[in-house]
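First up is the structure itself, then whatever we jot down about it.
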Amino acid sequence: MDLILVNLIDGLVTGLLLFMLSAGLTLIFSMMGVLNFAHASFYMLGAYFAYQISTFMGFWMGLLLAPLIVGIAGAGIERYGLRKVHQYGHVPELIFTFGLALLIEEVVQFVWGKSQMPYNPPEILQFTLFSISGNSIPAYKVFMIFVSIAIFLALLYILTRTRVGMVIQAALSYPKTVEALGHNVPLVFMGVFGVGTALAGVAGVIAGPVLGTFPGMAFLLGSIVFVTIVIGGLGSLWGALVASLLIGWITTFAASYNVAMADILIAMGFEQPIDLSESAWRDLWSLTLPQIGPILPYLLMVLILVFRPYGLFGKRDV
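Each residue of the sequence shown is one higher than the one before, starting from 1 at the first, in full-length UniProt numbering.
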């Protein structure tokens with residue numbers, strides 16, 4: 001039972017971190033129909049900017065300023081780059097954002113090098129908040145949970161309860177009508193793109209001290225973010241949250257329980273070959289759950305695409 005509680009907490013932290021990344025990408029897709037391949041690169045920029053700021057002004061100023069810088073950079077890229085490409089269709093957009101991801105990674109390596117940066121949590125949060133049967137739960141992990149929940153509640157409130165949110169949702173479905181009513185739709189698009197990249201920056205700021213701040217950090221999470229929004233449904237904030245938590249808990253529990261595939265197959269009624277070395281399925285029988293844990297989200301995505309192509313909460317074709 002104690003191990004289950006620890007895994008629930010660790011999976012919650014992982015899932016909410018994924019949500020902060022996927023929420024920004026979901027906002028951008030909802031407004032502009034753009035799948036931003038460079039989204040995880042803004043997550044990396046958030047971590048690096050926060051590290052650099054924290055060396056002079058401390059962690060908290062990094063948490064405040066780094067997402068702001070990333071958001072301004074994202075808005076500028078939309079205004080002077082992506083907006084000009086947008087008129088030519090989705091393929092040029094994908095190529096543009098893919099090239100942007102490569103460019104950002106090269107710039108990061110040029111400025112900060114290829115080594116991992118010594119970016120650490122603030123001293124005030126470097127203690128064990130509580131323990132469960134000898135498994136310590138750091139205060140910083142609980143801080144990550146509260147930041148993620150606060151971001152979700154703020155986004156939900158803005159999109160559903162404010163005039164700005166009404167304009168954003170209206171511009172999604174009826175951009176021409178919203179523009180005819182006097183609203184600057186391109187400015188709304190630029191603002192949403194900036195906010196989406198700023199959310200990725202926040203994820204980088206709080207994840208950098210835990211997962212490491214190095215040039216490959218964008219690559220590690222880049223693909224799983226797209227898996228998350230496909231499972232949740234492109235354009236759905238609730239879908240992004242549910243899918244992120246599912247993936248967080250699935251990968252965490254899979255890594256914690258050393259269940260052999262042979263036990264699962266025998267329980268399903270299959271008979272294990274007497275000479276396993278001569279069997280064509282020997283690799284399948286020798287697998288364990290931690291070994292296949294990293295591919296479980298991708299298997300879930302395939303099942304979602306087969307049985308519910310719109311995703312769990314989506315309203316658009318995937």
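By construction, the Cβ of each residue, glycine as well, lies at the ideal position given by its N, Cα and C atoms.
Ranked by Cα distance from Gly-62, the options Lys-176, Val-91, Phe-193 and Gly-208 are led by Gly-208. The region 58-126 contains, as complete alpha helix (DSSP H) runs of 4+ residues, the segments 59-77, 83-86 and 90-112 (chain order). Annotation: the continuous alpha helix (DSSP H) that includes Ile-304 extends over 296-307. Minimum Cα-Cα distance from Phe-110 among the listed residues Gly-314, Pro-215 and Leu-312 corresponds to Pro-215. Bridge pairing for Pro-138: Thr-128 [DSSP]. When DSSP states are grouped into helix, strand and coil, Ala-38 belongs to the coil group.
Here the region 21-28 makes contact with the region 223-239; the two share three or more CB pairs at distances below 8 angstroms. Relative to the Cα of Met-44, the nearest Cα in the group Gln-169, Leu-221, Val-6 and Gly-134 belongs to Leu-221.
Listed as beta-bridge partners of Thr-213 by DSSP are Met-117. In the DSSP assignment, Pro-290 falls within the unbroken alpha helix (DSSP H) covering 289-292.
Put simply, the backbone Cα of Val-108 is about 19 angstroms away from that of Leu-21. Counting C-beta pairs closer than 8 angstroms gives three or more between the region 193-209 and the region 67-87, which meets the contact rule.
Here Gly-293 has Ile-250, Thr-251, Ala-254 and Ala-255 as same chain residues with Cβ atoms under 8 angstroms from its own Cβ, once five neighbours each way along the sequence are excluded. A distance below 7 angstroms separates the beta carbons of Ala-218 and Ala-40.
Taking a contact to require three or more Cβ pairs closer than 8 angstroms, the region 54-61 and the region 266-274 do not qualify as touching. For Ala-260, the beta-bridge partners assigned by DSSP are Thr-288.
Between Gly-248 and Gly-89, the C-beta gap is not smaller than 7 angstroms, which leaves the two residues out of contact.
Going by C-alpha positions, Leu-246 is about 13 angstroms away from Gly-311. Counting only the Cα atoms, Gly-134 lies some 33 angstroms from Gly-46.
Buried is the label assigned to Phe-313, since at least 16 other Cβ atoms lie within 10 Å of its Cβ. Where Glu-179 is concerned, the enclosing alpha helix (DSSP H) starts and stops at 175-180.
Residue environment for Ser-148: buried (at least 16 other C-beta atoms within 10 angstroms of its C-beta).
In this structure, the CA atom of Gly-194 is about 40 angstroms from the CA atom of Ile-132.
By the CB criterion at 7 angstroms, Met-190 and Glu-78 fall inside the cutoff. A Cβ-Cβ separation of about 17 angstroms leaves Met-144 out of contact with Tyr-51 under the 8 angstroms criterion. If only uninterrupted beta strand (DSSP E) runs of at least 3 residues are considered, none is enclosed by the region 185-251. Around Phe-98, the same chain offers Phe-37 and Ala-38 as residues with beta carbons nearer than 8 angstroms, after the five sequence neighbours per side are excluded. No Cβ-Cβ contact shorter than 7 angstroms links Ile-137 with Ile-224.
A straight-line Cα-Cα distance of about 11 angstroms links Val-210 and Pro-122.
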